[in-house]
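One structure is given here, and the rest of the page talks about it.
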Amino acid sequence: MTANTGDGPDGTARRTLTAIRRHLSPQLALVYGMNGSGAVETRGEGARVHLSDGRTALDFGSYAVTLLGQRHPAVVAAVRDELDAMPVSSRVLGNRATAALAGALAGWADPGRLTKVWLGLNGSDAVEAALKLARRATGRHRVIAVEGAYHGKSMGALAATWNARYREFLEPLLGGVTHIPADVSAVPGAFEGEEVAAVLVEPVQGEGGVRPLDPAFLRALAGAARAHGAFVIADEIQTGLRRCGPRLVSTGLGIEPDAVLLGKALGGGVQPVSAMVATPELYAPLAADPFVHTTTFSGHPLGAAAGVAALRAVEELAPRGERLAELFGAGLTRLADRHSGLVTTVRGRGLLWGVEFATRAAAGEVLMELGRRGLVVSPCLGRPEVLRLLPPLVATDEDAEEALALLDAVCAAVPDEFRTPAAAARP
Numbered sequence: 000m001t002a003n004t005g006d007g008p009d010g011t012a013r014r015t016l017t018a019i020r021r022h023l024s025p026q027l028a029l030v031y032g033m034n035g036s037g038a039v040e041t042r043g044e045g046a047r048v049h050l051s052d053g054r055t056a057l058d059f060g061s062y063a064v065t066l067l068g069q070r071h072p073a074v075v076a077a078v079r080d081e082l083d084a085m086p087v088s089s090r091v092l093g094n095r096a097t098a099a100l101a102g103a104l105a106g107w108a109d110p111g112r113l114t115k116v117w118l119g120l121n122g123s124d125a126v127e128a129a130l131k132l133a134r135r136a137t138g139r140h141r142v143i144a145v146e147g148a149y150h151g152k153s154m155g156a157l158a159a160t161w162n163a164r165y166r167e168f169l170e171p172l173l174g175g176v177t178h179i180p181a182d183v184s185a186v187p188g189a190f191e192g193e194e195v196a197a198v199l200v201e202p203v204q205g206e207g208g209v210r211p212l213d214p215a216f217l218r219a220l221a222g223a224a225r226a227h228g229a230f231v232i233a234d235e236i237q238t239g240l241r242r243c244g245p246r247l248v249s250t251g252l253g254i255e256p257d258a259v260l261l262g263k264a265l266g267g268g269v270q271p272v273s274a275m276v277a278t279p280e281l282y283a284p285l286a287a288d289p290f291v292h293t294t295t296f297s298g299h300p301l302g303a304a305a306g307v308a309a310l311r312a313v314e315e316l317a318p319r320g321e322r323l324a325e326l327f328g329a330g331l332t333r334l335a336d337r338h339s340g341l342v343t344t345v346r347g348r349g350l351l352w353g354v355e356f357a358t359r360a361a362a363g364e365v366l367m368e369l370g371r372r373g374l375v376v377s378p379c380l381g382r383p384e385v386l387r388l389l390p391p392l393v394a395t396d397e398d399a400e401e402a403l404a405l406l407d408a409v410c411a412a413v414p415d416e417f418r419t420p421a422a423a424a425r426p
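Going letter by letter, the sequence shown gives residues 0 to 426 in numbering that gives the first Met the number 0.
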């Protein structure tokens, strides 16, 4: 389709991709090189990333991390201030920044009910903390997860992740995890047998193909968990922080989880930070013994400063997000109608959208060509036929229209061999 543009004059891309190939992964180097037409990212600002060959690209991907775009000024300023004050905690004294983020989250997620906070660096950290505390608080071991789920790749979180690709050769993993279909009819039988400690669920599955779960199923699952004395853990690492509109999808549906897991965008696209925000009942083991679950960099001051600033910025941009979600969702729906046979469906909520293609090969072709033309999107690793589009809150209407136009043009140029027979036959 479009030829590679090559490296910049200083050889940055060549050196970068060579180091990745030699020291990280040859396959990663190949994928990065194809996605960037031989260029690599060098700088980010707002809704765009700058490339080593002088081009810029719209960032509607980054696996949901850049909800506030690249280098949001308020988040960068907060991190710089903390860097000048105390970038690393002594770990034996109370830290102001850590306490500030804990307090902000307790007052933000579900005030008055979710009042306890544990901080980590990535989503898997938060999942591990929630599973450990749920088991310890109940004295039970069984956990119910949902088919298609993605909760991370650390050994405990991986047990709740559905994709066999990540589990292969690693089992046995954490025992006692049962996966059920996302269907109301599957709920009653899931609680038969050994008592359940917790249910762990994404209200919208991200890696599983941007799949919003049926609210009736979510409510039935939460209701059954409470009836059996089990905790409800909502994994909103990808969907929370107004990515899908409300602060949290789960509370917006009236589920009232016992713990909400946050990450990705919580660091404002500047620092890695995650959180488990929980009820006192689930958190009780950690309240009684704070050393039950610790990590060296839990509550890291730079991440904490970024998190506080990110929460403020998300609220300020909430009205913008509503407008952008309406515009972008409507545009994707029209695009799917124009390219039926290549695009089988679009689905999503707010600023989290999945475009499903007729084949995995078609999705891969579109992904690479979008990268060449200047639009970064994220694949769904659990459903490779689905591409994930995640506009940042700072994107303008013009940015959204540009992204839609690029996707439309790329879909129109996809060769017939990547289309269904019916689509290929159309004039």
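Glycine is no exception: its CB is placed at the ideal position from the N, C-alpha and C atoms.
Hey, out of the options, whose CA is closest to residue i's CA?
i, options, result
"Thr-238", "Arg-387, Gly-267, Arg-112, Ala-63", "Ala-63"
"Gly-111", "Thr-278, Ala-181, Ser-249, Ala-28", "Thr-278"
"Leu-310", "Ser-89, Leu-67, Leu-403", "Leu-67"
"Ala-258", "Met-275, Val-393, Gly-268, His-49", "Met-275"
"Ala-229", "Pro-202, Ala-136, Asp-58", "Ala-136"
"Ala-233", "Leu-113, Gly-340, Pro-318, His-338", "Leu-113"
"Tyr-282", "Val-91, Lys-115, Leu-82", "Lys-115"
"His-227", "Arg-382, Ile-143, Ser-51, Gly-122", "Ile-143"
"Gly-253", "Asp-83, Pro-214, Ala-28, Gln-270", "Pro-214"
"Pro-202", "Ala-221, Glu-167, Val-186", "Ala-221"
"Ala-394", "Arg-47, Thr-17, Pro-256, Pro-8", "Arg-47"
"Phe-327", "Val-183, Glu-280, Glu-397, Phe-356", "Glu-397"
"Val-183", "Ala-128, Leu-16, Val-209, Arg-218", "Arg-218"
"Leu-45", "Arg-333, Pro-72, His-22", "Sequence inspection shows Gly at residue 45; the Leu mentioned does not correspond to that position. Gly-45 has its Cα closest to that of Pro-72, out of Arg-333, Pro-72, His-22."
"Val-74", "Gln-270, Ala-129, Gly-138", "Gln-270"
Cutting at 6 angstroms between CB atoms, please list the residues of its own chain near residue i, excluding the five before and the five after it.
i, result
"Val-313", "Leu-240, Arg-241"
"Ala-423", "With a pLDDT of 44 at Ala-423, under the threshold of 50, the predicted position of this residue should be treated as unreliable, and no value is reported."
"Val-200", "Val-145"
"Ala-496", "This structure leaves residue 496 out entirely; the chain is present only between 0 and 426."
"Ala-181", "Val-145, Leu-212, Phe-216"
"Gly-251", "Pro-245"
"Leu-316", "Leu-392"
"Ser-429", "Since the first residue shown for the chain is 0 and the last is 426, residue 429 is missing from the structure and cannot be characterised."
"Ala-430", "The structure shown does not extend to residue 430, since the chain spans only 0 to 426, so no value can be given for it."
"Pro-426", "Any reading at Pro-426 is ruled out, since the residue's pLDDT is 38, under 50, leaving its predicted position unreliable."
What residues in its chain sit with their C-beta under 7 angstroms from that of residue i, if we drop five residues either side in the sequence?
i, result
"Ala-2", "Any reading at Ala-2 must be qualified, since the residue scores a pLDDT of 40, below 50, and its modelled position is unreliable; the value itself is stated next. Answer for Ala-2: no residue qualifies."
"Leu-285", "Trp-117, Leu-132, Val-291, His-292"
"Glu-193", "Arg-141"
"Phe-59", "Leu-374, Val-375, Val-376, Leu-388, Leu-389, Pro-390, Ala-402"
"Asp-83", "none"
Below 7 angstroms between beta carbons: does that hold for residue i and residue j?
i, j, result
"Val-176", "Ala-158", "yes"
"Val-30", "Ala-12", "no"
"Gly-155", "Leu-173", "yes"
"Gly-207", "Gly-381", "yes"
"Gly-43", "Arg-70", "yes"
"Val-345", "Ala-329", "no"
"Gly-122", "Gly-93", "no"
"Glu-235", "Leu-247", "yes"
"Gln-204", "Gly-147", "yes"
Might you give, ordered along the chain, the residues of its own chain that have their beta carbon closer than 8 angstroms to the beta carbon of residue i, omitting 5 neighbours on each side?
i, result
"Val-272", "Leu-100, Leu-118, Gly-119, Leu-120, Gly-262, Leu-265, Gly-266, His-299, Gly-302, Ala-303, Ala-305, Gly-306"
"Ala-361", "Leu-341, Glu-384, Val-413, Phe-417, Arg-418"
"Gln-26", "none"
"Pro-86", "Pro-300, Leu-301"
"Ala-185", "Ile-179"
Which runs of the beta strand (DSSP E), 3 residues or longer, sit entirely within the segment 235–298? 258–261, 273–277
Which complete alpha helix (DSSP H) runs does the segment 345–405 hold, if anything under 4 residues is left out? Runs of the alpha helix (DSSP H) inside the segment 345–405: 359–372.
4 or more residues per run - each alpha helix (DSSP H) lying fully within the segment 95–163: 95–105, 122–137, 154–159
Count Cβ pairs between the segment 347–360 and the segment 382–396 that sit closer than 8 angstroms; are there 3 or more? yes
Between the segment 94–111 and the segment 298–309, do three or more beta carbon pairs fall short of 8 angstroms? yes
Segment contact flag, the segment 361–376 with the segment 401–416, C-beta cutoff 8 angstroms, min 3 pairs: yes
Quick one: any contact between the segment 157–171 and the segment 285–297, if contact means 3 or more CB pairs under 8 angstroms? no
Counting only runs that start and end within the segment 37–78, where is the beta strand (DSSP E) found for 3 or more residues in a row? 40–44, 47–50, 55–58
Run through the segment 162–245 for me and flag every whole beta strand (DSSP E) of 3 or more residues, listed as ranges in chain order. 176–179, 195–200, 230–234
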